[in-house]
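Mapping of the sequence shown onto the numbering used here: residues 524 to 1494, in sequence order. Scroll down for the structure; my scribbles are underneath it.
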Amino acid sequence: IIANWLKVVLLDTTTVLGELDWKTYPVNGWDAITEMDEQNRPIHTFQVCHVMEPNQNNWLRSGWIRRQAAQRVYVELRFTLRDCNSIPWVSGTCKETFNLFYLLSDEPLPASTRFRPTDYAKVDTIAADESFTQTDLGDRVLRLNTEVREVGPITRKGFYLAFQDVGACIALVSVKVFYKRCPSTLRNLAAFPDTVPHMDSSSLVEVRGACVENAEERDTPKLYCGADGDWLVPLGRCICSIGHEETDGHCQACKPGFFKAFAGNTKCSKCPPHSSSHDQAATVCHCDKSFYRALKDPSTMACTRPPSAPRNLVSLINDTALFLQWMPPRDSGGRKDLAYNVLCQRCDTSDSGVTQCEPCEPDLRFIPKAVGLTGTSVAILEYAVHANYTFHVEAVNEVSGLGLAARSLANVTVNTHQAGPALVGVVRKDWASENSIALSWEQVEQPPADIVDYEVKYYEREQEQLSYSSTRTRTPSVVVTGLRPSTVYVFHVRTRTTAGVTAYSPNFEFSTAAEDPDVADQGQVLVVVTASVGDFSKQLHTFLTDLYFLLFFPVPFSGIKTYVDPDTYEDPTQAVEEFAKEIDPSYICIERVIGAGEFGEVCSGRLRLPGRMDIPVAIKTLKGGYSEQQRRDFLREASIMGQFNCTNIIRLEGVVTNSKFDQWLVYSVSFIVMFLILFSGRPVMIVVEYMENGALDSFLRTRDGQFTVLQLVGMLRGIAVGMTYLSDMGYVHRDLAARNILVDKSLVCKVSDFGMSRVLEEDTEAAYTATGGKIPIRWTAPEAIAYGKFSTASDVWSYGIVMWEVMSYGERPYWEMSNQDVILSIEEGYRLPAPMGCPVTLHQLMLHCWQKDAGQRPCFTDVLSFLDKLIISPGSLLTLATDTQSDSPDELPDYPLFISIGDWLDSIKMSQYKNNFLAAGYTTLDSISTMSTDDIRRIGICLIGHQRRIISSIQSLRLQLHHIQQNGFQV
């Protein structure tokens, strides 16, 4: 049964009123009879039953039927037929079938046209499924048959149907003629008209749809009309235009209070906070009064306003630099792109009391810069003395320049004579040994503010202050160690108060004692106390201040010597005794377990040496049941660290190797440690300085985006200082990575983890050849991976990877690529792209460190010099590298589309942005392959961390597909 909406009826005898005007040949063959149907309506029927007479040939012909759009028609016949066996005395000529014919004609035939059966083409012989008998007649039950036959192709404007009886008893109850069509429909927001199938029932008719009102084509919408009137194979689609959403197959205008900025089949969105739309079909919600949207803000972002003024602006001044520090505004305006501008004026008051202000002199220098600061502090250099400066710190964001919003300023006036005179009087030498000098001094007057500490600067007189060392102490005395015998040193001291740093005292010269082999070293220990910092912003300020003084007054590497490999000792225990100080276990107080190392637990605690303040330390323990070889391997790192003396290398306090159980148990405060001891019997420990902020990679990941570029460069400089020291000693680290850099509370970075390192021979071309063990592939130079050749140059390669880790805030190098893919990629010339927000100069330095030829890489002294120049001239850090990979997008291959956008976003845990991509038209991986950070922002992804993750994934995906196609594989 075919649904009525699939059929177009050309003739239905049951609905014709009046005469049918059908013809019979001969006239007395078929009889036209009008009967009443079950609804009591007259219907036309034709009957014939000349079964008693032989040689019957009775024809019934319909009127001319116009074919309309039909190319093939169907004839539905409803009829009854009597069983010949039920007719008494019937002759052998009785039939139980009749024949169907048709004749094509462009117009009705004239009435005078002679009927010629030979002109008609036969369609089929029609037989009844059920026939009736004499009994059925008595019971008035007739068997009604329905047969459908296909007629065609119809190539003329119309046609006739003819029915031939050859001796049957038939009643033709009704004749219906129709053709099939694919009815008009809506699919994928496209309208498709009524369509008639082709004459060839095996071919499909391609129909192009028209987008509904307020919709637009994304891909050409198509449907195919089948022979049975079914729509098949939908292709393409339309999407609702901006300001409209899909509802019941149509595109309806967004209601007031809603909007849609992108064409697509997503729903209209409610207006973001502080915005509204009052008309239908809104494409954007307009900001409320006093709220704004920046040009780069997506329309999905809430309207924002300028921030309020910075708070608690204070100034600190000394004889070298002026510092401004402030707190963020209470109201950021609802934005995260907060920045600060420092404006300067010089104001003088005349004798008449009139104050005149003018812009500050152009020679004034701001570190890191005066405009666009993301931190809350700035250093100012080269200011005039005895002058009045008024500084305005302005809080701005991307909407600060819009509308009539008032400027958000905080003001402070600074007199440059505030850097007071030196408060330290005569500096005295209390005693001296061949390696140490004890000094003390007094205040000449009461300081204007509380004293934080004292800074002691000293250098050899013969050096003429080309380089110097410094230390700090909270008390007006200090013991300076690590000096050369029989050498005159120049000392001067200044005071650091809560109001700033004073001028230095006059120079005082003292000499160390002559070297006397019979006199034992007094073992004086330099006490360095760092002022505690209350919050993280103060840490950043202290770090930036110290960094400035390090650049202009670099601390020399004193007493550089040649590294001695512990493995060269016949008894490695001798190396530990020579380079590491034994600590009485009663001086160690373990407080808690903070991690696990290769050999055992890592704990934090305090070192309580007699006559010294408690020192926070980290304690590495050797787990119980160790073998003698494990004990030697464990202590080997201590014998390495004990040879180093650099501010940017983790400091070894000493080792515990000779302790006894009862001696240790009395002084331990940790039940965990007691438990360890019960199973070790004889604890072995390495005690190092405690680094409050832990490993650099995890430290950066938890503070994503919180540092300025200059602060990150300062961290890189500290690592470069430590590696320069090691390379000068002829030492190769082999495992330089951000996870092996530790960060203290003042943000000083120190190189650690010397378990994989080896020493170089005096021959500069020599390199350690690995004999086995695991190699950190992502951080290791290609020659070290391929041939096991480790050198200072391979450490420089690793330093370049550390630079990338720092600038990407702890991102995993090469993302989710396998180690084998990393090796192949590097061999083919691929190098990591610049992290988002990375200055181009830093990425160029990374690429320089990643030269394939080890001889072309810079040495660590070159790296350190380059970073110093960047910090002194921070303007070179303003130009940022591009966010995309160095490969030209035009050169990237077309890759197979084997995954959907939704699956890709699910895999990187960014599924919340599926609608953003789809609404913006990004539906395939091919369409996202060239996306940049600006594209990511434009579709409404505002969080920097999420932008970085998506861009990194696009780069990784692009690279992996590139390798797949280069190697001839097909996805």
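Cβ coordinates follow ideal geometry from the N, Cα and C atoms, glycine included.
Could you say which of A1261, F1033 and D1251 lies nearest to L1223 if we only look at CA atoms?
-> A1261
Expressed to the nearest angstrom, what Euclidean distance is found between the alpha-carbon atoms of L962 and Y981?
-> 12 Å
Comparing alpha-carbon positions, which option in S1109, P1299, P757 and D1088 lies nearest V1099?
-> D1088
Alpha carbon to alpha carbon, how far is S822 from R1460? Give it in angstroms, no decimals.
-> 11 Å
Can you name, in chain order, every residue of its own chain whose Cβ lies under 8 Å from the Cβ of F1080, other than the five neighbours on each side?
-> Since pLDDT at F1080 reaches only 46, below the 50 mark, its modelled position is unreliable, and the value read off the structure follows with that caveat. Result list for F1080: C1169, T1247, Y1248 and D1251, in chain order.
Simplified DSSP state of E1114, which is helix, strand or coil | strand
Given a threshold of 16 other Cβ atoms within 10 Å of its Cβ, counted over all protein chains shown, does M1330 qualify as buried or as exposed?
-> buried
Between the Cα of N835 and the Cα atoms of A713, L932 and E740, which residue gives the shortest distance?
-> L932
For the candidate residues K618, E673, A634 and L632, whose alpha-carbon lies nearest to that of E599?
-> E673
Buried or exposed (CB count within 10 angstroms, at least 16 for buried), W553 = buried
Return the first residue and the last residue of the beta strand (DSSP E) that M1208 is part of.
-> M1208 to E1212
Between the CA atoms of Y1332 and T1231 - distance to the nearest angstrom = 12 Å
Got a sec, what are the start and stop residues for the beta strand (DSSP E) D554 sits in?
-> D554 to M559
Since Y982 sits in a beta bridge, which residues does DSSP pair it with?
-> V1013
Can the beta-carbon of G1253 be found less than 7 Å from the beta-carbon of I1172?
-> no
Starting from E1306 and walking both ways along the alpha helix (DSSP H), at which residues does that stretch end?
-> P1305 to Y1310
Between F1072 and P885, what straight-line distance do the alpha-carbon atoms span, to the nearest angstrom?
-> Residue confidence is low: F1072 scores 48 on pLDDT, short of 50, so the model does not pin down where it sits. Its coordinate-derived value is still stated next. F1072 and P885: Cα-Cα distance of roughly 23 Å.
Considering only C-alpha positions, which residue in the set V550, K530, N551 and T557 is nearest to T536?
-> T557
Distance, T620 Cα to F569 Cα | 15 Å
What residues in its chain sit with their C-beta under 6 Å from that of A733, if we drop five residues either side in the sequence?
-> A714
Looking only at its own chain, which residues have a Cβ that is under 7 Å from the Cβ of L529, when we skip the five neighbours before and after it?
-> K703, R704, P706 and G752
Does the Cβ-Cβ distance between C1361 and Y1322 come in under 7 Å?
-> no
Residue from P779, F814, C810 and S813 with nearest C-alpha to H801 | P779
Within the region 719-803, note down every full beta strand (DSSP E) run reaching 3 residues or more, in order along the chain.
-> 728-731, 738-748, 754-763, 767-770 and 773-776
Which listed residue (R1155, F701 and K1392) has its alpha carbon closest to that of T1364 | K1392
What separation, rounded to the nearest whole angstrom, lies between the Cα atoms of G675 and P720?
-> 13 Å
Under the assumption that P796 contacts A817 (Cβ atoms under 8 Å), give the Cβ distance between them as a whole number of angstroms.
-> Not a contact, Cβ separation roughly 15 Å.
Proximity of A804 and G766 at Cβ, strictly below 7 Å | yes
Could you have a look at L529 and say whether DSSP puts it in helix, strand or coil?
-> helix
First and last residue of the uninterrupted beta strand (DSSP E) at N1574 | Nothing can be reported for residue 1574: it is not among the residues displayed for the chain, which extend from 524 to 1494.
Is Y1337 near V1345, with beta carbons less than 7 Å apart?
-> yes
Any chance you could list the beta strand (DSSP E) runs of at least 3 consecutive residues sitting entirely within the region 654-714, in chain order?
-> 668-674, 681-688, 692-703 and 708-710
Rounded to whole angstroms, what's the CA-CA distance from G1237 to P891? Just pull it up for me.
-> 11 Å
Could you check the C-alpha separation between R564 and E542 for me, to the nearest Å?
-> 14 Å
Who are the near neighbours of S1476 in its chain, counting only those whose CB is closer than 6 Å to its CB and skipping five residues on each side?
-> I1431
Between the C-alpha atoms of G1468 and I1474, what's the straight-line distance to the nearest angstrom?
-> 10 Å
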